[in-house]
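Structure first, then comments.
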Amino acid sequence: MNSFALARSHIQAARWSEAVQVCQAALADAPRDLDLLNLLGVALTSSGRVEDGMAALTAAVEIDPTHSGPLTNLAIALQMVGELDGAILRLRQLCVLDPSDALAFSRLGQIRLDQGDLDAAARLMKRAAQLAVRDISYWVGASFAMFHLGDAEGAEATVGNALRLFPDDGYANMFAATFALRRGDLDRATALIEKTQSADPASEDAAGIANRIRSYRAAVNAVPPPGEAAPGLVLRGPFDTISGYAHMGRRYIQTLREQDVPLNVIGLTGKERWAAEPLHVPVPARALVNIAIPIAVEKAPGLATVTYSMFEGTRIPPPWARHSESSDLVIVPTESSRLAWAAQGFPETRLRVCPLGVDAEQMARDISPIVLVSEGDRDVSSFRHRFLNVSDLIPRKNLAGLFRVWLRATRRTDDAVLILKTGRGKEKESEILRDLLKKSEAAVGRRFADAGRILLIDQMFDERQMAGLYAAATYYWSMSHGEGWDLPMSKAGAMGLGLIAPAHSAYLDYLNPSVARMIPATVAPARQPYVDAPYPPFFGLDWWQPDEDAAVAIVEAIVRDRDVALPDASGHLMANFTWGQATRKLRDILSAEGMMG
0 MNSFALARSH
10 IQAARWSEAV
20 QVCQAALADA
30 PRDLDLLNLL
40 GVALTSSGRV
50 EDGMAALTAA
60 VEIDPTHSGP
70 LTNLAIALQM
80 VGELDGAILR
90 LRQLCVLDPS
100 DALAFSRLGQ
110 IRLDQGDLDA
120 AARLMKRAAQ
130 LAVRDISYWV
140 GASFAMFHLG
150 DAEGAEATVG
160 NALRLFPDDG
170 YANMFAATFA
180 LRRGDLDRAT
190 ALIEKTQSAD
200 PASEDAAGIA
210 NRIRSYRAAV
220 NAVPPPGEAA
230 PGLVLRGPFD
240 TISGYAHMGR
250 RYIQTLREQD
260 VPLNVIGLTG
270 KERWAAEPLH
280 VPVPARALVN
290 IAIPIAVEKA
300 PGLATVTYSM
310 FEGTRIPPPW
320 ARHSESSDLV
330 IVPTESSRLA
340 WAAQGFPETR
350 LRVCPLGVDA
360 EQMARDISPI
370 VLVSEGDRDV
380 SSFRHRFLNV
390 SDLIPRKNLA
400 GLFRVWLRAT
410 RRTDDAVLIL
420 KTGRGKEKES
430 EILRDLLKKS
440 EAAVGRRFAD
450 AGRILLIDQM
460 FDERQMAGLY
470 AAATYYWSMS
480 HGEGWDLPMS
490 KAGAMGLGLI
500 APAHSAYLDY
510 LNPSVARMIP
520 ATVAPARQPY
530 VDAPYPPFFG
540 LDWWQPDEDA
550 AVAIVEAIVR
560 DRDVALPDAS
570 GHLMANFTWG
580 QATRKLRDIL
590 SAEGMMG
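Quick note: the sequence shown uses numbering that gives the first Met the number 0, first residue 0, plus one each step.
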């Protein structure tokens, strides 16, 4: 067996180190053997040595820029390490060299999808499906992209093409079933999901869809005849996760129960579990309220479809507007979100504002501060000024701006600490945070070692621990580019922390200069920090840029003890934004539309 055949056999058996050894030995005698360089690149990349693998693949491409094998593998490696511009360049080369290369078009489409360019993604992935009509994965991928673009009919037709070719494919049937639920076609969804479960009886996703179908049928059967009372409500959402939407849903469930509203709760996926009490009980209702982004909304025949959602930019993405068209009513928590829907052309006659609560009832009782220790083993409670920020590690939260302001506004000798609670403790998140810290130092020209102390917290906390975290701080500070509500900010305010917030989006609905320090902001394109690239969920959209000079002045005044008495927002929030008030407002909106009562 020659070296090439031997190396390829090792690769096929996933014996990466053996393949590397064979390729390197053979290349010692033939350093420009393109096929061996290609196999070496694949083996190195697959074994985790991606940089070395890319070097071998690049050498192969330089020998023959028209050979599809090294070009394809180099594009895949570049995509793996996040060098998307390089991957796009190589994939475009492949598309030009061979316009029938379905894999190149599909991968290029996937990158565009990840970047948020949904138009390009749908076009490219549809092209891949047309080129490889017997490969169901391309049809499903194209359907997925088209659905995210907001072309629900096109997406359903595309996956329908796949089912005509592969009528028993479980995944395609399941995908098509979700489209049927978006339209409220329970019979079609049932037939499709039964095929999925026949092909894969153990599929949890299919079981979740089947559960939702049963829930919708029960809800539809409980709809009272015209003229009869319908005091209940069907509520759907991700209530057992840690997302903001889930928190919102749990509070509504709790408060609707307290107000004796008959309630039928349906999980977003159909796999959710309720520990406290059975909530999935059919009730006399006329509306299905989806607490979810528009793309996740489902319908049930005979029930009005309500979307309860929010957005953090100046206008919603065009696909959101297209998905929202199927809703009888869209409810948002703030005027900012209402304007975002209206700015994208959604009819204002079908928009309503219902502010959320701020956990005032929960926070009215005493909470013991959690014990925190900063670098040097100093008890955080010993700092005079304790700033808190709770954020996911996403560009919209603008932690880069927070870091830049902290570097500029504070000195090591200041009696101040910044407590940053981020993410969920995943390794990738730690890498993102380290990169942000490093780039922020370079941008300001100052080291964090010379600024006020920072305490980074990335482990998971339960609700009571989170309350203790808020109690350990004296101020809550956000530099966010945009918020649909900002539950941490409102919770902090309800607990009596001094608030520092940008003067934009949701903050303007429940804060003002009499109860918080407000940072001026201007509209700006939504970009990722320190790179000239759009933030994918906001592709082509704008958000807000807080004025960092103004923020520096605010933080400096606090840590230098020139601003010694930040206003207390708790009275204002607890008087005007309770979950009881939010729930009564929601009921009033639905009753006025004939959807409840």
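Glycine is no exception: its CB is placed at the ideal position from the N, C-alpha and C atoms.
Straight-line spacing of the CA atoms in H9 and C22 works out to 10 Å. Among the bridge pairs identified by DSSP, H66 is matched with none. Taking C-beta atoms as the reference points, T44 and A24 fail to come closer than 8 Å. The beta-bridge partner set that DSSP reports for G236 consists of G266. Using a Cβ-Cβ distance cut-off of 8 Å, the stretch 455 to 465 and the stretch 531 to 545 are not in contact, since fewer than three pairs of beta carbons, one from each stretch, lie closer than that value. As the crow flies, the alpha-carbon of T71 is around 15 Å from that of G81. With contacts defined as CB atoms closer than 8 Å, L350 and R337 qualify as a contacting pair. Between the stretch 231 to 246 and the stretch 261 to 275, the count of C-beta pairs closer than 8 Å reaches three or more; the two stretches touch. In the three-state DSSP reduction, T57 falls in the helix class (H, G or I). Apart from sequence neighbours up to five positions away, the residues of its chain that approach E428 with a beta-carbon distance below 8 Å are L392, T421, G422, D457, ordered along the chain. For D100 and H66, the gap between their C-alpha atoms comes out near 13 Å. Going by DSSP, F386 is part of the beta strand (DSSP E) stretching over 384 to 390.
For L96, the enclosing alpha helix (DSSP H) has its first and last residue at 83 to 96. With fewer than 16 neighbouring CB atoms inside 10 Å of its own CB, D560 falls in the exposed class. Considering only S513, I212, M517, L496, the residue with the shortest C-alpha distance to S504 is M517.
The count of Cβ pairs closer than 8 Å, one atom from the stretch 396 to 405 and one from the stretch 434 to 449, reaches three, so the stretches are in contact. Per DSSP, R516 is one residue of the beta strand (DSSP E) stretching across 516 to 518. R31 sits exposed, since fewer than 16 C-beta atoms from the chains shown fall within 10 Å of its C-beta. As a beta-bridge residue in DSSP terms, D541 pairs with P524.
DSSP places G169 in the helix class (H, G or I) of the three-state scheme.
Just so you know, the alpha carbons of W476 and N397 end up roughly 12 Å apart.
The criterion of a C-beta distance shorter than 8 Å is satisfied by R106 and Q78.
By the neighbour-count criterion, in which 16 or more other beta carbons inside 10 Å mark a residue as buried, I241 falls on the exposed side. Residue pairing from DSSP places R452 in a beta bridge opposite V416. Taking R182 as reference, the option from D118, A552, A154 with the minimal CA-CA separation is A154.
For P317, the uninterrupted alpha helix (DSSP H) run begins and ends at 317 to 323, by DSSP.
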